[in-house]
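Residue numbering for the sequence shown follows our numbering, starting at 20 and increasing by one per position. Report on one structure; see the data block that follows.
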Amino acid sequence: MRVEKRGNRYRIQKMINGKKYSLSFDHKPGKKEIEEALRGIDTSVKIKGTFKSYASQYISIKEHVLSPTTIKSYRGLLRNISDDFKKTAIKDMTAAIVQSEINKISMRKSPKSTTNNNGFISPKTVAEYHGFISAVLGMYRPDLMLHTTLPARIKYTPHVPSDDEIKAILDASKGTRYELAFRLGIYALRRSEVCAVTAADLDGNMLTINKSLIEGEDGYVTREKNKTEGSSRTIYVDDCVAGLLRKQGVGFAGTPDTILETLHKYQKQLGIDSFRFHDLRHYYASMAHSLGIPDSYIMAAGGWKTDHVLKSVYRHAQKDKEEDMMKFASIYISEISG
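The following block contains the structure:
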């Protein structure tokens with residue numbers, strides 16, 4: 020390490036955590052003396068300001084690297100964190116204060132009444148609040164160790180629509196602008212992808228999916244690149260889907276929420292069990308799996324990154340096929356047991 024002589028004194032300069040520190044001696048120091056002096060430097064950052072001010076700064080820093088949807092979500096989370104927590108000086112923040120805030124949030128009534136959590140904010144949403152809070156503190160208070168207890172996740176068991184339910188939805192929507200949206204959903208497209216795909220993405224029957232319609236603070240925008248590399252894919256679609264897309268020009272001229280609302284409307288009209296548009300992806304995976312299509316091809320068609328995700332989330336047996344497989348196993352057992 021370089022020692023500079025300035026007049027009758029000796030100086031050493033050292034960059035620590037982006038800040039330059041200077042040490043001055045009245046004699047030329049040795050290596051051990053320099054190391055001991057460096058250990059005595061207080062390198063802790065003198066932070067001033069409230070959690071709210073640093074959270075706003077965090078969002079601004081991330082604005083150009085995260086999606087508009089994520090930034091909008093962060094701003095919404097910050098708005099709904101309690102004023103007492105937001106006014107707390109970030110230097111005074113403790114794990115106990117964070118736990119207390121999470122406790123309050125978990126007891127808050129949800130503006131969207133839910134049946135699976137007695138009207139309270141879902142554990143998943145509570146985890147999103149904690150994720151945001153811990154991300155802010157992780158950047159500006161890296162010394163603060165959090166061991167927050169979160170409410171237990173509610174296990175969601177999706178209703179995978181049967182072949183008959185799929186046919187009923189398609190028959191009811193035939194000739195409407197929703198028919199193509201539902202047909203694309205059966206091919207494992209997400210709502211955001213359905214709203215962004217166009218006829219220009221077709222090459223014969225091969226459809227390239229590499230865009231999505233996402234909601235930002237200033238409305239909906241088309242993201243020209245999907246969130247993950249695996250989400251961008253090219254799939255084969257049937258003549259009906261290809262023809263409808265060429266005729267309409269776009270998968271769906273509207274918002275993702277409109278597709279979901281209309282799907283639920285058809286379900287009520289037809290008297291079939293409610294399921295999400297996202298559950299059409301479950302249907303595709305279950306159907307393809309039951310047909311014996313290898314996992315690698317199912318993953319490629321649906322844009323799933325890993326086999327683990329496919330197995331843990333999307334491979335849900337349809338009730339009718341589940342019963343068929345059980346009967347098949349039962350017949351085999353009967354045959355071998357005489």
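Where is the CB? At the ideal position from N, CA and C, for every residue including glycine.
From the DSSP output, read off the bridge partner residues of residue i.
{"i": "LEU232", "result": "THR241"}
{"i": "ASP222", "result": "MET225"}
{"i": "PHE139", "result": "LYS128"}
{"i": "LYS33", "result": "TYR40"}
{"i": "ARG28", "result": "ARG25"}
{"i": "ALA108", "result": "THR69"}
What is the C-beta distance between residue i and residue j, in whole angstroms, given that I count them as a contact (C-beta under 8 Å)?
{"i": "SER192", "j": "TYR302", "result": "That pair is no contact at about 16 Å."}
{"i": "ALA261", "j": "ARG196", "result": "Not quite, the Cβ-Cβ distance comes to about 17 Å (not below 8 Å), so this is no contact."}
{"i": "GLU234", "j": "LYS143", "result": "Rounded, the Cβ-Cβ distance is 18 Å, inconsistent with contact."}
{"i": "GLY138", "j": "SER129", "result": "6 Å"}
{"i": "ILE109", "j": "ILE152", "result": "That pair is no contact at about 11 Å."}
{"i": "ALA319", "j": "ARG252", "result": "6 Å"}
{"i": "SER231", "j": "GLU212", "result": "5 Å"}
Taking the straight line between their C-alpha atoms, what separation do you get for residue i and residue j?
{"i": "VAL256", "j": "TYR175", "result": "30 Å"}
{"i": "TYR316", "j": "TRP323", "result": "10 Å"}
{"i": "GLY59", "j": "LEU208", "result": "59 Å"}
{"i": "LYS47", "j": "PRO161", "result": "36 Å"}
{"i": "ARG265", "j": "ALA218", "result": "5 Å"}
{"i": "GLN32", "j": "ASP45", "result": "15 Å"}
{"i": "ALA200", "j": "ILE228", "result": "14 Å"}
{"i": "GLU243", "j": "SER86", "result": "12 Å"}
{"i": "TYR351", "j": "HIS83", "result": "59 Å"}
{"i": "ALA304", "j": "ILE254", "result": "14 Å"}
{"i": "GLU23", "j": "GLU236", "result": "54 Å"}
{"i": "ILE205", "j": "GLY321", "result": "10 Å"}
{"i": "LEU57", "j": "GLY49", "result": "12 Å"}
{"i": "THR133", "j": "PRO177", "result": "Residue placement at THR133 is flagged as unreliable, the pLDDT there being 44, under the threshold of 50; a coordinate-derived value is accordingly withheld."}
{"i": "LYS106", "j": "LEU165", "result": "19 Å"}
{"i": "GLY290", "j": "ILE278", "result": "18 Å"}
{"i": "ASN99", "j": "GLU55", "result": "47 Å"}
{"i": "MET225", "j": "ASP326", "result": "24 Å"}
{"i": "GLY311", "j": "LYS346", "result": "18 Å"}
{"i": "GLY26", "j": "SER43", "result": "11 Å"}
{"i": "MET112", "j": "GLY270", "result": "48 Å"}
{"i": "ASP148", "j": "MET344", "result": "Note that residue 148 is Tyr in the sequence shown, not Asp. Straight-line Cα distance between these residues: approximately 42 Å."}
{"i": "VAL155", "j": "TYR40", "result": "27 Å"}
{"i": "PRO158", "j": "ARG94", "result": "The sequence as given places Met at residue 158; Pro does not occur at that position. Spanning the two alpha carbons is a distance of roughly 17 Å."}
{"i": "ILE185", "j": "GLU354", "result": "35 Å"}
{"i": "TYR369", "j": "ILE80", "result": "Not covered by the structure: residue 369. The range shown for the chain is 20 to 357."}
{"i": "TYR239", "j": "PRO313", "result": "36 Å"}
{"i": "ALA348", "j": "PHE294", "result": "29 Å"}
{"i": "VAL117", "j": "GLY150", "result": "11 Å"}
{"i": "ILE53", "j": "ARG21", "result": "11 Å"}
{"i": "ILE173", "j": "LYS287", "result": "25 Å"}
{"i": "VAL179", "j": "GLY194", "result": "25 Å"}
{"i": "SER88", "j": "LYS51", "result": "For the sequence presented, residue 88 should be read as Thr rather than Ser. Cα to Cα, the separation comes out at about 53 Å."}
{"i": "SER250", "j": "GLU342", "result": "32 Å"}
{"i": "GLU198", "j": "ALA307", "result": "21 Å"}
Please identify the residue among the options whose C-alpha is closest to the C-alpha of residue i.
{"i": "PRO275", "options": "GLU120, PRO161, ARG210, LYS71", "result": "ARG210"}
{"i": "ASN122", "options": "ALA146, ALA108, MET112", "result": "ALA146"}
{"i": "PHE70", "options": "ASP102, PRO87, MET318, THR144", "result": "ASP102"}
{"i": "SER141", "options": "ALA187, LEU226, SER181, ALA171", "result": "ALA171"}
{"i": "ALA215", "options": "LEU203, LYS24, ASP222", "result": "LEU203"}
{"i": "LEU299", "options": "MET344, LEU189, GLU82, GLU354", "result": "LEU189"}
{"i": "LEU221", "options": "SER119, LEU263, TYR40", "result": "LEU263"}
{"i": "PHE104", "options": "SER79, ALA74, ILE80", "result": "ALA74"}
{"i": "ALA114", "options": "THR88, GLY223, GLY238, LEU163", "result": "LEU163"}
{"i": "LEU169", "options": "SER309, SER119, GLU342", "result": "SER119"}
{"i": "PHE296", "options": "HIS308, HIS283, ALA307, MET306", "result": "HIS283"}
{"i": "ASP183", "options": "ASP292, LEU97, GLU280", "result": "ASP292"}
Go to residue i, then tell me how far its beta strand (DSSP E) extends in each direction, as first and last residue.
{"i": "THR277", "result": "No beta strand (DSSP E) contains THR277, which is instead part of the alpha helix (DSSP H) from 275-289."}
{"i": "LYS24", "result": "23-25"}
{"i": "ILE254", "result": "252-255"}
What first and last residue would you give for the alpha helix (DSSP H) that runs through residue i?
{"i": "PRO48", "result": "That residue, PRO48, is in no alpha helix (DSSP H); it is neither H nor E in DSSP."}
{"i": "MET318", "result": "314-321"}
{"i": "LEU96", "result": "87-99"}
{"i": "ILE205", "result": "197-205"}
{"i": "CYS214", "result": "Note, CYS214: premise wrong, no alpha helix (DSSP H); not H, not E."}
{"i": "LYS266", "result": "258-267"}
{"i": "GLU82", "result": "Neither: GLU82 is in no alpha helix (DSSP H) and is coded neither H nor E."}
{"i": "LYS174", "result": "Here LYS174 belongs to no alpha helix (DSSP H), and DSSP marks it neither H nor E."}
{"i": "LYS193", "result": "Unbroken run through LYS193: none, as it is neither H nor E."}
{"i": "LEU299", "result": "298-309"}
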